[in-house]
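J.:
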Amino acid sequence: MTHTSAMSTATSPAFPAQATTFDGLHNPTFLQACMRQATAHTPLWLMRQAGRYLPEYVATRAKAGSFMGLATNTEYATEVTLQPLERYPLDAAILFSDILTVPDAMGLGLSFAQGEGPRFASPIKTEADVAKLEVPDMAKLQYVFDAVSSIRKALTVDGKGRVPLIGFSGSPWTLACYMVEGKGSDDYRLVKTMMYSRPDLMHRMLAINADSVAAYLNAQIDAGAQAVMVFDSWGGVLADGAFQEFSLAYTARVLKQLKRFGTDGKVVPRIVFTKGGGLWLQDMQALDCEVLGLDWTVNLAKARALVGGSENGPGKALQGNIDPNVLFAPPAAIETEVAKVLDSFGTPFQGSGTGPTHIFNLGHGISQYTPPDHVAALVAAVHSHSKKLRA
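Add 17 to the 1-based position in the sequence shown for this note's numbering, that's all there is to it.
#1: Which same chain residues, not among the five before or five after M212, have their C-beta less than 8 Å away from its C-beta?
#2: Taking the runs of the alpha helix (DSSP H) that are 4 residues or longer, which of them lie wholly in the region 44-73?
#3: If you drop the 5 nearest sequence neighbours on each side, which residues of the same chain put their C-beta closer than 8 Å to that of A320?
#4: Can you tell me where the alpha helix (DSSP H) holding H423 begins and where it ends?
#5: For the candidate residues H58, L99, A57, T91, whose alpha-carbon lies nearest to that of A67?
#6: Exposed or buried, which one is L112 when buried takes at least 16 other CB atoms within 10 Å?
#7: Exposed or buried, which one is Y386 when buried takes at least 16 other CB atoms within 10 Å?
#8: What would DSSP say about V245, mapped onto helix, strand or coil?
#9: On the three-state DSSP scale, how would you describe A109?
#10: Indicate whether I339 and V358 have their beta-carbon atoms separated by less than 8 Å.
#11: Could you have a look at I116 and say whether DSSP puts it in helix, strand or coil?
#12: In whole angstroms, what is the alpha-carbon distance linking T408 and A55?
#13: Can you tell me which residues form a DSSP beta bridge with V284?
#14: Which same chain residues, not among the five before or five after A394, have their C-beta less than 7 Å away from its C-beta?
#15: Given a cut-off of 8 Å, decide if V165 and L172 are closer than it, judged by their beta-carbon atoms.
#16: If contacts are defined as beta-carbon pairs under 8 Å, then S412 and I288 qualify, I think. What distance do you get, rounded to the angstrom?
#17: Considering only the beta carbon of each residue, do L125 and P135 sit closer than 8 Å?
#18: Using DSSP bridges, identify the partner residues of Q336.
#19: So G86 is in the alpha helix (DSSP H); what residue range does that whole segment cover?
#20: Measure the beta-carbon distance from Y105 to V392 and round it to whole angstroms, keeping in mind my assumption that it falls under 8 Å.
#21: In whole angstroms, what is the alpha-carbon distance linking V147 and M222?
#22: Can we say the region 140-159 touches the region 77-90, given the rule of at least three CB pairs closer than 8 Å?
#23: Buried or exposed: which applies to S403, given that a residue is buried once 16 or more other Cβ atoms fall within 10 Å of its Cβ?
#24: Pull the bridge partners of I183 from the DSSP assignment, please.
#25: Quick check on this structure: which residue in L107, C194, P389, L182 has the alpha carbon closest to the alpha carbon of M246?
#26: How about L102 and L379: do their beta carbons lie closer than 8 Å?
#27: Give me the DSSP bridge partner(s) of T291.
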């Protein structure tokens with residue numbers, strides 16, 4: 018069974034100039050870099066930037082009573098999304114939510130036990146369980162779309178957005194891992210058993226997941242998300258060949274269905290991040306997306322040479338990729354490591370038109386134990402060193 022038909026070429030369509038002029042923002046650097054346009058500094062945001070490392074987040078979560086109490090309350094979700102932006106001059110906000118809201122809406126019963134991470138009350142175990150799966154009614158996820166609209170409103174200052182808002186979802190494969198395992202896993206034994214013994218069931222689940230994720234991201238775009246990201250957090254656990262068949266093809270199926278323009282008529286860039294996916298960068302080059310996220314195992318110079326493209330030709334913007342554990346080192350060491358990452362990518366494109374660009378991020382989510390002051394050192398180092406690279 019082949020699934021390559023869902024793939025598209027790496028060549029992006031030509032967009033009207035007005036759709037790629039992000040004049041509704043005080044700070045459009047993130048969206049400009051996504052579209053491979055020149056920026057004055059390398060834009061920066063952090064995966065899981067609203068989270069437990071911030072004392073103000075912990076206080077808001079305590080008021081909400083639980084993680085889902087936080088995520089399903091528009092006011093709280095807006096508050097915690099903005100908290101890191103009040104502390105740090107970050108270049109983008111990301112919706113506060115969870116990658117597992119879609120299977121929860123399918124009826125699997127998501128909960129978060131303190132210190133244990135997410136669990137599903139009704140994981141997918143049998144052929145009958147798979148047969149019952151269908152794309153959920155998006156009305157069940159209205160709390161997410163309400164949060165997107167609320168955050169956009171809260172980000173507006175003097176008629177313009179402070180920074181862009183990123184919406185997101187888990188990838189079809191990553192959702193399937195949690196849906197079958199019922200929680201996080203060390204060995205992915207249950208989901209891989211199904212994949213190898215009943216690939217027909219896995220393909221059915223992945224197709225439903227892909228169509229669900231596409232509908233979910235489109236609803237986020239309609240609510241005001243200005244970029245969307247697919248987190249393929251567990252793609253890297255697959256064997257070569259299996260990754261292309263069970264993960265990449267279904268991420269491509271999602272991308273093929275996504276709306277290209279937001280409610281403001283601006284293009285909505287699409288980011289795909291596969292943890293452990295560095296081996297398959299050339300395969301991912303064919304995805305119909307603007308940005309590829311990289312974990313810390315990937316050399317940025319090599320990634321740029323492989324998929325970054327050239328001036329005014331097709332290519333991907335790159336996002337990443339410092340090791341999150343660098344943030345436990347002293348500020349001086351953080352500055353050194355930041356410079357290594359930025360220097361590895363090299364001088365970003367600086368002309369008119371388009372060319373290779375970089376968005377600074379962690380190679381995975383920030384740890385809850387990270388000292389907040391160290392994040393401040395990271396942000397300052399990225400902005401100052403990236404400006405020097407362009408001098």
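Quick reminder that beta carbons are idealized off the backbone N, C-alpha and C, glycines included.
T.: For this structure:
#1: The sequence position of residue 212 within the sequence shown is 195, counting from 1. Answer for M212: M219, A259, F263, listed in chain order.
#2: 46-51
#3: Locating residue 320 in the sequence shown gives position 303, where the first residue counts as 1. Same-chain partners within the cutoff: G295, L298, L309, L311, L335.
#4: Only positions 18 to 408 of the chain appear in the structure, and residue 423 is not among them; the question remains open.
#5: The count along the sequence shown starts at 1 and reaches residue 67 at position 50. Among H58, L99, A57, T91, the Cα nearest to that of A67 belongs to L99.
#6: Working through the sequence shown from its first residue, we reach residue 112 at position 95. Its Cβ being crowded by 16 or more others within 10 Å, L112 is buried.
#7: As a working mapping, residue 386 is identified with position 369 in the sequence shown. Under this definition Y386 is an exposed residue.
#8: Counting from 1 along the sequence shown, the entry for residue 245 is found at position 228. V245 falls in the strand class under three-state DSSP.
#9: Taking the sequence shown and counting its residues from 1, the one referred to as residue 109 is at position 92. Coil at A109, not helix or strand.
#10: For the purposes of this step, residue 339 is identified with residue 322 of the sequence shown, where counting begins at 1. For the purposes of this step, residue 358 is identified with residue 341 of the sequence shown, where counting begins at 1. Yes, the pair counts as a contact, with Cβ atoms nearer than the cut-off.
#11: Taking the first residue of the sequence shown as position 1, residue 116 is located at position 99. Looking at I116 - three-state DSSP - the assignment turns out to be coil, as it is neither helix nor strand.
#12: Along the sequence shown, read from residue 1 onward, the residue named residue 408 stands at position 391. Along the sequence shown, read from residue 1 onward, the residue named residue 55 stands at position 38. A small fix is needed here, since residue 408 is Ala in this sequence, not Thr. Spanning the two alpha carbons is a distance of roughly 13 Å.
#13: Taking the first residue of the sequence shown as position 1, residue 284 is located at position 267. BP columns for V284 point to F278.
#14: Numbered from its first residue, the sequence shown carries residue 394 at position 377. Counting only Cβ-Cβ distances below 7 Å, and skipping sequence neighbours, we find P348, I351, E352.
#15: Within the sequence shown, the letter at position 155 stands for residue 172. Within the sequence shown, the letter at position 148 stands for residue 165. Result no, Cβ atoms of L172 and V165 do not sit closer than 8 Å.
#16: This structure gives no information on residue 412, because the portion of the chain shown stretches from 18 to 408.
#17: Mapped onto the sequence shown, residue 125 falls at position 108. Mapped onto the sequence shown, residue 135 falls at position 118. Cβ distance not < 8 Å, so L125 and P135 don't count as in contact.
#18: Indexing the sequence shown from 1 puts residue 336 at position 319. Answer is G310, I376, bridged to Q336.
#19: As a first step, residue 86 must be located in the sequence shown, where it is residue number 69. Residues 84-88.
#20: Here residue 105 refers to the residue found at position 88 of the sequence shown. Here residue 392 refers to the residue found at position 375 of the sequence shown. About 6 Å; that satisfies the 8 Å criterion.
#21: Translated into the one-based positions of the sequence shown, residue 147 becomes position 130. Translated into the one-based positions of the sequence shown, residue 222 becomes position 205. Each residue's Cα considered, the two are about 6 Å apart.
#22: no
#23: The residue given as residue 403 occupies position 386 in the sequence shown. With 16 or more other Cβ atoms within 10 Å, it is buried.
#24: Translated into the one-based positions of the sequence shown, residue 183 becomes position 166. DSSP, once it has assigned bridges, lists I111, A244 as partnering I183.
#25: Here residue 246 refers to the residue found at position 229 when the sequence shown is read from its first residue. Nearest of L107, C194, P389, L182 to M246, Cα basis: L182.
#26: Residue 102 sits at position 85 when you count from the first residue of the sequence shown. Residue 379 sits at position 362 when you count from the first residue of the sequence shown. Contact flag unset, no.
#27: The sequence position of residue 291 within the sequence shown is 274, counting from 1. Partner(s): D249.
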